[in-house]
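Student: Residue numbers (our numbering): 703 to 887. Below are the structure tokens for one structure; questions will follow.
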């Protein structure tokens, strides 16, 4: 009997504070999920657009094809992730990832990045060939979003169909509304 390979999350995280003594990170969430035998993960700190491009190119490689969830953990604003002092639009990110996300889920763990309307998110989805793009349309609280991300990743790795994921997430409707969480597929 073949064993099922654990789903993989490829996480790229920016700095949350200019103060290097601050230690906020999403890594413990991923470690918890890994130790609970739910996922494998790759985690990298990203401080520049060039580093982001470098690791996105790595994610495209055959060796990482089982890492079907791309987790972009950055500060954000509508249509943008922030990398240090640089703003990177979804159009620019889509150019970097053009055609590279076939069968993959792109998750923006960043404030308000998807507060841009359905058509623009679907354009990003089309350009990258992503199976699903999801994230927040509001500014989010660190603890609420962290709790939700545990539930989200658990759900994304349990179900293969996006309609089943969306249906299961209705169990957390008050939290998804509070965070402005949206899925596009």
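Ideal placement from N, C-alpha and C gives every residue a C-beta, glycine not left out.
Roughly how many angstroms separate the alpha carbons of residue 814 and residue 847, rounded to a whole number?
Tutor: 12 Å
Student: Mapping the DSSP letters down to three states, classify residue 757 as helix, strand or coil.
Tutor: helix
Student: Which residue marks the beginning of the alpha helix (DSSP H) containing residue 853, and which one marks its end?
Tutor: Taken as a continuous stretch (DSSP letters only), the alpha helix (DSSP H) holding residue 853 covers 844-860.
Student: To which residues of the same chain is residue 778 closer than 7 Å at the C-beta, ignoring the five residues directly before and after it?
Tutor: 784, 810, 812, 813, 814 and 815
Student: Compare the C-alpha of residue 722 against each of 712, 844, 747 and 883 and name the closest.
Tutor: 747
Student: Confirm, please, whether the CB-CB distance from residue 835 to residue 790 is below 8 Å.
Tutor: It is not a contact, given that the beta carbons lie outside the stated cut-off.
Student: In or out: residue 875 buried (at least 16 other Cβ within 10 Å) or exposed?
Tutor: When all chains shown are included, residue 875 counts as exposed.
Student: According to the Cβ coordinates, are residue 826 and residue 796 closer than 8 Å?
Tutor: yes
Student: If you draw a straight line from the C-alpha of residue 873 to the C-alpha of residue 858, how long is it?
Tutor: In this structure, the alpha-carbon of residue 873 lies about 14 Å from that of residue 858.
Student: What residue does the alpha helix (DSSP H) around residue 827 start on, and which one ends it?
Tutor: 820-830
Student: Closer than 6 Å by C-beta to residue 704: which residues in its own chain qualify, once you throw out the five before and the five after it? Chain order, please.
Tutor: Its pLDDT being 48, under 50, residue 704 is placed unreliably in this model, and the coordinates cannot settle the point.
Student: For residue 715, count neighbouring Cβ atoms within 10 angstroms of its own Cβ and tell me buried if that reaches 16, exposed if not.
Tutor: With 16 or more other CB atoms across the displayed protein chains lying within 10 angstroms of its CB, residue 715 is buried.
Student: Straight-line CA distance for residue 733 to residue 839?
Tutor: It is roughly 26 Å from the alpha-carbon of residue 733 to the alpha-carbon of residue 839.
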